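Okay, so here's the structure we're looking at.
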Amino acid sequence: MTIVTGNEARRRAQPAGSSVPRKIWEHRADYAYVLPAIAVMLIVIAYPIYYTIELSFFNTPPGLQLRDKIFVGFNNYTAILTSDVFWQVTFNTLIWTIGSTLISFVLGFAAALALHRDFIGRGILRAILIIPWVISAVAASYIWKWIYHSDFGIIGAVLVELGLTSRPPNFIDNVSTVLPSLIVVNIWREFPFAMIMMMAGLQTVPEQLLRAAKVDGANAWQRFWHVTFPHLRNVSTVTILLLAVANFNSFIIPWIMTGGGPSNASHIWITHIYELAFGRQRWGVASAYSVLLFLILMTLGYFYVRALSGNERKEGNA
Amino acid sequence: MSIAAETAPRGQPRRGRRIDGWRWGGRIFLVFMLLYTALPMVWMLSTSIKSGFAAMQFPPQLWPDQPTLAAYQKLLDPQNSVGQDFLRFFWNSLIVSTATTVLSVIVAVPAAYAFSRFRFPGRNFLFFAVLLRNMFPAVIFLVPLFILMRAIGLVNTHGSLVLTYLTFGLPLAIWLLKGFYDNIPVQLEQAARIDGATRFQAFVLIVMPLSTPGIIATAIYSFIGAWNEYIYAYTFLSKNEQLTLPVGIQRFFSENTTDFPGLMAASFMMSVPVVVLFLLLQRYFVRALTEGAVKH
Chain H
0 MTIVTGNEAR
10 RRAQPAGSSV
20 PRKIWEHRAD
30 YAYVLPAIAV
40 MLIVIAYPIY
50 YTIELSFFNT
60 PPGLQLRDKI
70 FVGFNNYTAI
80 LTSDVFWQVT
90 FNTLIWTIGS
100 TLISFVLGFA
110 AALALHRDFI
120 GRGILRAILI
130 IPWVISAVAA
140 SYIWKWIYHS
150 DFGIIGAVLV
160 ELGLTSRPPN
170 FIDNVSTVLP
180 SLIVVNIWRE
190 FPFAMIMMMA
200 GLQTVPEQLL
210 RAAKVDGANA
220 WQRFWHVTFP
230 HLRNVSTVTI
240 LLLAVANFNS
250 FIIPWIMTGG
260 GPSNASHIWI
270 THIYELAFGR
280 QRWGVASAYS
290 VLLFLILMTL
300 GYFYVRALSG
310 NERKEGNA
Chain A
0 MSIAAETAPR
10 GQPRRGRRID
20 GWRWGGRIFL
30 VFMLLYTALP
40 MVWMLSTSIK
50 SGFAAMQFPP
60 QLWPDQPTLA
70 AYQKLLDPQN
80 SVGQDFLRFF
90 WNSLIVSTAT
100 TVLSVIVAVP
110 AAYAFSRFRF
120 PGRNFLFFAV
130 LLRNMFPAVI
140 FLVPLFILMR
150 AIGLVNTHGS
160 LVLTYLTFGL
170 PLAIWLLKGF
180 YDNIPVQLEQ
190 AARIDGATRF
200 QAFVLIVMPL
210 STPGIIATAI
220 YSFIGAWNEY
230 IYAYTFLSKN
240 EQLTLPVGIQ
250 RFFSENTTDF
260 PGLMAASFMM
270 SVPVVVLFLL
280 LQRYFVRALT
290 EGAVKH
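In order, the protein sequences belong to chains H and A.
Each residue of the first sequence is one higher than the one before, starting from 0 at the first, in numbering that gives the first Met the number 0.
Each residue of the second sequence is one higher than the one before, starting from 0 at the first, in numbering that gives the first Met the number 0.
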């Protein structure tokens, strides 16, 4: 039995195809619920986006005296795309994003699978594995900076004790090792997120299907590949996308550990934009960078929304 | 059932061996992950109870011969300037994070409820617009927000941080909570409304209690996000007495670069509140993800 609420009664009375303003008016009470969220979002998102796009076409003097800005058309964009630093930073960003995302996902997924079966101490182990995700990235950066320290770092000391090197290696002051070293730190903080998501996903895999597959003689790998994994496709997509976006946008770890150095070897897009804006006060160029970043993220966002609305449609059919 | 019983003995030995291979692989992998996760934290703790001299020894001692709490005493002593600063940063972080959390829940709950229950025009667009917020990095918003905050007089106030933090907690909060409300049968509310409750009463008395895990998860997420946030705090606040912990610690230790025990002790104490909070409430978080977001 269904109760026809006021709104629904009115909707039913109206034939489909009534005009949009009228529909909006009919649902005016509904908007009250979302209004606070939307208002906050508008102030803090829509306005900045507009402002960034505008600023990207201007040359600005230092010090945010923005009244003196000069219109330069697409100059900022061409300046970026023809600079060597841009390509170096883009290359770093790709390695950073893809490396961190894939390894975090694989480690997190594997940990979730290994923790799925009950055993003594599982709860404690799970809790310990999640902790790095909760620790602030600032604290994590300092902890690892100390671990990598060129004179008193524990890793260097262990390598020397084992006789592998005569001097402790300098992980983060070396152009070729700095990026992988930072990726290790980033994965340390991020695989727990993939683990939590995949643990939640694993709980939705129906036990009966797995048991049925077992009865049919499927081995562990086959059960995983043909039953578990197809069930997790949606969660995996969302997790990977969220990780990719978070990594693409990360700032704290490279900023605090190296500041982008040595010689730009650990600069990624975000740290580079930050340095352009707040370090060298080139607001116009930084804004143009942001707009480019924006376009890339919108592309990623398109897939993110598609993955999410895939979820949505399934819910609707269920 | 009977088929399963029949086939079980035949398949048993082979299956048993195979599972063992995977199981051992899983165990070894978990040990590796435990070491990767825990050793840096152990090293942080071990360093934090060394003296400045002992921290700078080569080869380093894994565990100090003479453990000392001097670093902690220094940070927690309101008499000296270091302790004063640290305690003030801690207090600032607490205020900002708590305010953010309370406001997030107040704003997210009705919004998520509306997205779940009502079919108003523009619903899908607004929902995804809210979610898209997560896509964009802080840096993009930094300059315009700084100018905006200056215009409305919020620069160098904690209000500027609370307002900003609100927006990056909201998308996930709304998404999680919407999943919860989707799973609560509408019939429950309808029954309440037959009994004479208003829509609002039905919401507060029926729906809210059922979505408690979601609300708790939302609150934890907002709190941790606000507690750990660095880049806005770094840009919006310049007065020493207003800094939050991440920025405060960074400012402090860029001046005293060699005080590693102090730095590790500060990192440890900065982590304690969020780690404890999360460990106490993590089952709600996992449940919220399972029921709210992942279920399909």
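Note that the Cβ used here is the ideal one computed from N, Cα and C, for glycine as well.
This structure is a prediction, so every number in the text was calculated from the model and none was measured.
Are the region 108-120 of chain H and the region 252-269 of chain H touching by the rule of at least three beta carbon pairs closer than 8 Å?
-> no
So what does residue 57 (chain H) bridge to, in DSSP terms?
-> Within the first sequence, the letter at position 58 stands for residue 57 (chain H). Listed as beta-bridge partners of residue 57 (chain H) by DSSP are H:70.
Flag residue 160 (chain H) as yes if its beta-carbon sits less than 8 Å from any beta-carbon of chain A, otherwise no.
-> Counting from one through the first sequence, the residue named residue 160 (chain H) turns up at place 161. It does; some Cβ of chain A falls within 8 Å.
In whole angstroms, what separates the C-alpha of residue 146 (chain A) from that of residue 53 (chain H)?
-> To locate residue 146 (chain A), count along the second sequence from 1; it is residue 147. To locate residue 53 (chain H), count along the first sequence from 1; it is residue 54. Spanning the two alpha carbons is a distance of roughly 14 Å.
Among residues of its own chain, excluding the 5 on either side of residue 84 (chain H), which ones have a beta-carbon nearer than 7 Å to its beta-carbon?
-> One-based indexing of the first sequence puts residue 84 (chain H) at position 85. Closer than 7 Å at Cβ, skipping near neighbours: 263.
So, is the C-beta of residue 165 (chain H) closer than 8 Å to a C-beta in chain A?
-> Mapped onto the first sequence, residue 165 (chain H) falls at position 166. Not flagged as an interface residue toward chain A: residue 165 (chain H), since no C-beta distance is shorter than 8 Å.
What residues in its chain sit with their C-beta under 6 Å from that of residue 314 (chain H), if we drop five residues either side in the sequence?
-> Mapped onto the first sequence, residue 314 (chain H) falls at position 315. Reliability fails at residue 314 (chain H), whose pLDDT of 46 lies under 50, so the model's placement of it is uncertain and the value that follows must be treated cautiously. Nothing listed; no residue qualifies.
Nearest neighbour of residue 173 (chain A), chosen from H:21, H:254, H:36 [CA to CA] | If you number the second sequence from 1, residue 173 (chain A) lands on position 174. Out of H:21, H:254, H:36, H:36 has the C-alpha closest to the C-alpha of residue 173 (chain A).
Buried or exposed by the 16-neighbour rule on C-beta atoms within 10 Å, applied to residue 297 (chain H) | As a first step, residue 297 (chain H) is located in the first sequence; it is residue number 298 there, counting from the start. Result: exposed.
Do we get a CB-CB distance below 8 Å when we pair residue 152 (chain A) with the residues of chain H?
-> Locating residue 152 (chain A) in the second sequence gives position 153, where the first residue counts as 1. Residue-level contact by beta carbon fails for residue 152 (chain A) and chain H, as no gap is shorter than 8 Å.
Along chain A, in chain order, which residues have C-beta atoms closer than 8 Å to that of residue 143 (chain H)?
-> In the first sequence, counting from the first residue as 1, residue 143 (chain H) sits at position 144. Simply 39.
Roughly how far, in whole angstroms, is the beta-carbon of residue 318 (chain H) from the beta-carbon of residue 186 (chain H), given that I think they are within contact range, below 8 Å?
-> What the structure shows of chain H is the stretch from 0 to 317, and residue 318 (chain H) is not part of that stretch, so it cannot be assessed.
Whole-angstrom distance between residue 164 (chain A) and residue 33 (chain H), CA atom to CA atom = Taking the first sequence and counting its residues from 1, one reaches residue 33 (chain H) at position 34. Taking the second sequence and counting its residues from 1, one reaches residue 164 (chain A) at position 165. Rounded to whole angstroms, the separation of the alpha carbons of residue 164 (chain A) and residue 33 (chain H) is 18 Å.
Mind the definition here: the region 236-244 of chain A touches the region 83-93 of chain A only if three or more C-beta pairs lie below 8 Å; say whether that holds.
-> yes
How long is the line joining the alpha carbons of residue 99 (chain A) and residue 133 (chain H), rounded to whole angstroms?
-> The residue given as residue 99 (chain A) occupies position 100 in the second sequence. The residue given as residue 133 (chain H) occupies position 134 in the first sequence. Residue 99 (chain A) and residue 133 (chain H): Cα-Cα distance of roughly 17 Å.
Can you give the Cα-Cα distance for residue 145 (chain H) and residue 276 (chain H), rounded to whole angstroms?
-> By 1-based counting over the first sequence, the position of residue 145 (chain H) is 146. By 1-based counting over the first sequence, the position of residue 276 (chain H) is 277. Approximately 29 Å between the Cα atoms of the pair.
Please name the residue, chosen from H:214, H:162, H:190, that lies closest to residue 104 (chain H) on a Cα-to-Cα basis.
-> In the first sequence, counting from the first residue as 1, residue 104 (chain H) sits at position 105. Considering only alpha carbons, the answer is H:190.
When the Cα of residue 233 (chain A) is compared with those of A:223, A:221, A:248, A:222, which residue comes out closest?
-> On the second sequence, residue 233 (chain A) is found 234 positions in, with the first residue counted as 1. That would be A:248, whose Cα lies nearest to the Cα of residue 233 (chain A).
Have a look at residue 190 (chain A) and residue 223 (chain H) and give me their C-alpha separation to the nearest angstrom.
-> Counting from 1 along the second sequence, the entry for residue 190 (chain A) is found at position 191. Counting from 1 along the first sequence, the entry for residue 223 (chain H) is found at position 224. Cα to Cα, the separation comes out at about 43 Å.
Verify the CB distance criterion: does residue 252 (chain H) have a CB-CB separation below 8 Å to chain A?
-> If you number the first sequence from 1, residue 252 (chain H) lands on position 253. Taking Cβ atoms only, chain A never reaches closer than 8 Å to residue 252 (chain H), which makes this a no.
Going along the chain, which residues of the region 90-118 of chain H sit with their C-beta nearer than 8 Å to a C-beta in chain A?
-> 106, 109, 110, 112, 113, 114, 116
CB-CB under 6 Å to residue 126 (chain A), same chain, minus the five flanking residues each way: which ones, in chain order?
-> Within the second sequence, the letter at position 127 stands for residue 126 (chain A). Here the set comprises 114.
CB-CB under 7 Å to residue 11 (chain A), same chain, minus the five flanking residues each way: which ones, in chain order?
-> The sequence position of residue 11 (chain A) within the second sequence is 12, counting from 1. Only weak support exists for where residue 11 (chain A) lies, its pLDDT of 42 falling under 50; the value from the coordinates is given anyway. So no residue of the chain qualifies.
Taking all protein chains shown into account, decide if residue 38 (chain H) is buried (16 or more other Cβ within 10 angstroms of its Cβ) or exposed.
-> One-based indexing of the first sequence puts residue 38 (chain H) at position 39. With fewer than 16 Cβ atoms within 10 Å of its Cβ, residue 38 (chain H) is classed as exposed.
Cβ-based contacts, 8 Å cut-off: residues of the region 275-303 of chain H near chain A | 276, 277, 282, 285, 286, 289, 292, 293, 296, 297, 299, 300, 303
Whole-angstrom C-beta distance between residue 274 (chain A) and residue 239 (chain H), which should lie under 8 Å | In the first sequence, counting from the first residue as 1, residue 239 (chain H) sits at position 240. In the second sequence, counting from the first residue as 1, residue 274 (chain A) sits at position 275. Contact flag wrong, Cβ pair sits at about 26 Å.
Nearest neighbour of residue 106 (chain H), chosen from A:175, A:66, A:33 [CA to CA] | Translated into the one-based positions of the first sequence, residue 106 (chain H) becomes position 107. Comparing Cα positions, the closest option is A:33.
Leaving out the 5 sequence neighbours to the left and right, which residues in its chain are closer than 6 Å to residue 102 (chain H) when beta-carbon positions are compared?
-> Working through the first sequence from its first residue, we reach residue 102 (chain H) at position 103. Only 186 meet the Cβ criterion.
Specify the secondary structure class of residue 182 (chain A) as computed by DSSP and reduced to three states.
-> Taking the second sequence and counting its residues from 1, one reaches residue 182 (chain A) at position 183. Of the three classes helix, strand and coil, the one that applies to residue 182 (chain A) here is helix, per DSSP.
Beta-carbon separation of residue 267 (chain A) and residue 47 (chain A) under 8 Å?
-> Here residue 267 (chain A) corresponds to residue number 268 of the second sequence, with the count starting at 1. Here residue 47 (chain A) corresponds to residue number 48 of the second sequence, with the count starting at 1. Closer than 8 Å, so yes.
8 Å Cβ cutoff met for residue 135 (chain H) and residue 45 (chain A) = What you label residue 135 (chain H) is simply residue 136 of the first sequence in a count that begins at 1. What you label residue 45 (chain A) is simply residue 46 of the second sequence in a count that begins at 1. Taking a C-beta distance under 8 Å as the contact criterion, residue 135 (chain H) and residue 45 (chain A) do not qualify as a contact pair.
Of all Cβ atoms in chain H, is any one closer than 8 Å to the Cβ of residue 81 (chain A)?
-> Taking the first residue of the second sequence as position 1, residue 81 (chain A) is located at position 82. False, the Cβ-Cβ gap to chain H never drops below 8 Å.
Nearest candidate by alpha-carbon position, reference residue 175 (chain H), set H:266, H:272, H:217 = The residue given as residue 175 (chain H) occupies position 176 in the first sequence. Cα-wise, what sits closest to residue 175 (chain H) is H:266.
Quick one: using the 10 Å Cβ neighbour count with 16 as the cut-off for buried, is residue 283 (chain H) buried or exposed?
-> Counted from its first residue, the first sequence places residue 283 (chain H) at position 284. Buried, since its Cβ has 16 or more Cβ neighbours within 10 Å.
Can at least three beta-carbon pairs, one atom from the region 82-96 of chain H and one from the region 152-171 of chain H, be found at a separation below 8 Å?
-> These segments do not touch.
Residues of the region 83-112 of chain A whose Cβ lies closer than 8 Å to any Cβ of chain H, in chain order = 105, 106, 107, 109, 110, 112
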